[in-house]
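All remarks here apply to the structure that follows.
Numbering (the numbering used here), first residue to last: 55 to 448.
See below:
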């Protein structure tokens, strides 16, 4: 009888248990529904704040959410990225990749963030993963090339930038990057070809015009440099780069007043380089201002920390000769010779000793030393021989 009573009790409880189970299920479903609604509302709030560039407020909202949610993590990363907090942005993006290793948004953003930190190898790897996922994506190929270039691997950069341009010939950014690298390799024919085609697409793209001018400059096509850079100057203010390209180009074309104009611009903007003083010296001398030339060459020699020191002293010696100061010319030529040991400077020393001193012994010694040198300047050799013969040595 007891067993029957227990069975009846269990049987009678079954409907009650089912009802409780169903009610709990409805409660859970209702709770899930509420959670989903709150989650969507949170995302909507964050999206609205981010759309209005209120990234700090968006981060505050997102901090209340489930940090394992991919969408939330991506938004957090984007907020930190836009606020310039690279390290903070990297953390959520790397978390995304732990949950979804192929997430293209996280990979792209990490590529940019690693590059911002200067870690171009890691940036390159992010984009290589993306290329493996989508080999025909010109943007990904370009980014691999750009990161390789920044990492110093120019040949690898050429490979990827070239592929990016095959996939998207209208990408002037890739054209500029590839042309700039090729200029370093002095492949002027290809540089000019790339620039010419890119300028058809964007005729006023200044970086491409600068690249065009640089290529012409490196090829010593100075008459082609000037119109391009003058157009750039008309479009914007003169820059140090424009002034250098114009000043040196005018120098090689013999337009010395323009040389002084642009070198003066550089000096006025606190550029303090020996080569500026050198060009000022040459231009001043060619325009007949010999005292000014002497002052500029002195400055060039004083500032010089390069192999050009001997050139500056040599030019200083010539300028002293121009004003008849042979004693100082001798000092300048001797300094130039001490820096370079060039035979022709022995000739200049001999001439100045010959003119300045009545005692010709030192002049003769320099003439003889010059004749023993390997210099091949025909007129100088002939004159040195004649002077030595005139003095009865030969």
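Backbone N, C-alpha and C define an ideal beta-carbon position, used for all residues, glycine too.
Beta-carbon proximity list for residue 323, same chain, < 7 Å, skipping 5 on both sides: Here residue 323 is taken as the residue at index 269 of the chain shown, counted from 1. Same-chain partners within the cutoff: 294.
With 16 other Cβ atoms within 10 Å as the buried cut-off, status of residue 114: Residue 114 sits at position 60 when you count from the first residue of the chain shown. Exposed.
Three-state class that DSSP yields for residue 112 in the structure shown: Within the chain shown, the letter at position 58 stands for residue 112. Here residue 112 sits in helix by DSSP.
Alpha-carbon spacing of residue 217 relative to residue 196, whole angstroms: Against the chain shown, residue 217 aligns to sequence position 163. Against the chain shown, residue 196 aligns to sequence position 142. Taking the straight line joining both Cα atoms gives about 8 Å.
Collapsed DSSP secondary structure at residue 451 in the structure displayed: There is simply no residue 451 to check, as the chain begins at 55 and stops at 448 in what is shown.
Selection from 187, 284, 215, 141 that minimises the alpha carbon distance to residue 227: For this step, residue 227 is matched to residue 173 along the chain shown. Nearest C-alpha to residue 227: 215.
For residue 305, the first and last residue of its enclosing alpha helix (DSSP H): Sequence index remark: in the chain shown, residue 305 carries index 251 (1-based). DSSP places residue 305 in the uninterrupted alpha helix (DSSP H) bounded by 294-306.
Cβ shell of residue 404 (< 7 Å), same chain only, five flanking positions each side left out: Reading the chain shown from its first residue, position 350 is the one you call residue 404. Here the set comprises 417, 420, 421, 424, 438.
Between the CA atoms of residue 167 and residue 252 - distance to the nearest angstrom: In the chain shown, the residue the question calls residue 252 occupies position 198. In the chain shown, the residue the question calls residue 167 occupies position 113. Each residue's alpha carbon lies about 29 Å from the other.
Nearest residue (CA-CA) to residue 233, options 262, 220, 190: What you label residue 233 is simply residue 179 of the chain shown in a count that begins at 1. Closest by alpha carbon: 262.
Cβ-based burial, residue 184 [other Cβ within 10 Å; buried from 16]: Locating residue 184 in the chain shown gives position 130, counting from the first residue. So residue 184 ends up on the buried side.
The alpha helix (DSSP H) enclosing residue 289, as first and last residue numbers: The residue given as residue 289 occupies position 235 in the chain shown. Start and end: 276-289.
First and last residue of the uninterrupted alpha helix (DSSP H) at residue 258: By 1-based counting over the chain shown, the position of residue 258 is 204. Run containing residue 258: none; DSSP gives neither H nor E here.
Span separating the alpha-carbon of residue 406 from that of residue 206: Within the chain shown, the letter at position 352 stands for residue 406. Within the chain shown, the letter at position 152 stands for residue 206. So the alpha carbons of these two residues sit roughly 51 Å apart.
Residue 257, buried or exposed, once every other Cβ within 10 Å from all chains shown has been counted against 16: What you label residue 257 is simply residue 203 of the chain shown in a count that begins at 1. That one is exposed.
Residue 329 versus residue 410 - alpha carbon distance: Translated into positions along the chain shown, residue 329 becomes position 275. Translated into positions along the chain shown, residue 410 becomes position 356. Using only the alpha carbons, I get a separation of about 31 Å.
Rounded separation between residue 441 and residue 386 - CA only: By one-based count along the chain shown, residue 441 stands at place 387. By one-based count along the chain shown, residue 386 stands at place 332. When rounded, the separation of the alpha-carbon atoms in residue 441 and residue 386 is 22 Å.
Environment of residue 250 [buried if 16+ CB atoms lie within 10 Å]: In the chain shown, counting from the first residue as 1, residue 250 sits at position 196. By the neighbour-count rule (16 or more Cβ atoms within 10 Å), residue 250 is not buried but exposed.
Sequence-distant residues of its chain with Cβ nearer than 7 Å to residue 111 (five each side left out): Here residue 111 corresponds to residue number 57 of the chain shown, with the count starting at 1. Only 103 meet the Cβ criterion.
Exposed unless 16 or more other CB atoms sit within 10 angstroms - verdict on residue 225: Residue numbering aside, residue 225 sits at position 171 when the chain shown is read from its first letter. Its Cβ being crowded by 16 or more others within 10 Å, residue 225 is buried.
Member of 361, 349, 396, 284 whose CA lies at the smallest distance from the CA of residue 377: As a position in the chain shown, residue 377 is number 323, starting the count at 1. Nearest C-alpha to residue 377: 349.
Distance between residue 153 and residue 123 (C-alpha atoms, nearest Å): Indexing the chain shown from 1 puts residue 123 at position 69. Indexing the chain shown from 1 puts residue 153 at position 99. Their backbone Cα atoms lie some 9 Å apart in a straight line.
CB-CB length for residue 229 against residue 219, believed under 8 Å: Numbered from its first residue, the chain shown carries residue 229 at position 175. Numbered from its first residue, the chain shown carries residue 219 at position 165. Sure, about 6 Å apart at Cβ, within 8 Å.
Span of the alpha helix (DSSP H) around residue 409: Here residue 409 refers to the residue found at position 355 of the chain shown. Per DSSP, residue 409 belongs to the alpha helix (DSSP H) from 397-410.
Cβ neighbours of residue 283 in the same chain (closer than 7 Å, five flanking residues each side left out): Counting from one through the chain shown, the residue named residue 283 turns up at place 229. Cβ-Cβ distances below 7 Å link residue 283 to 267, 296, 299, 300 in the same chain, with the five nearest sequence neighbours on each side left out; the list follows chain order.
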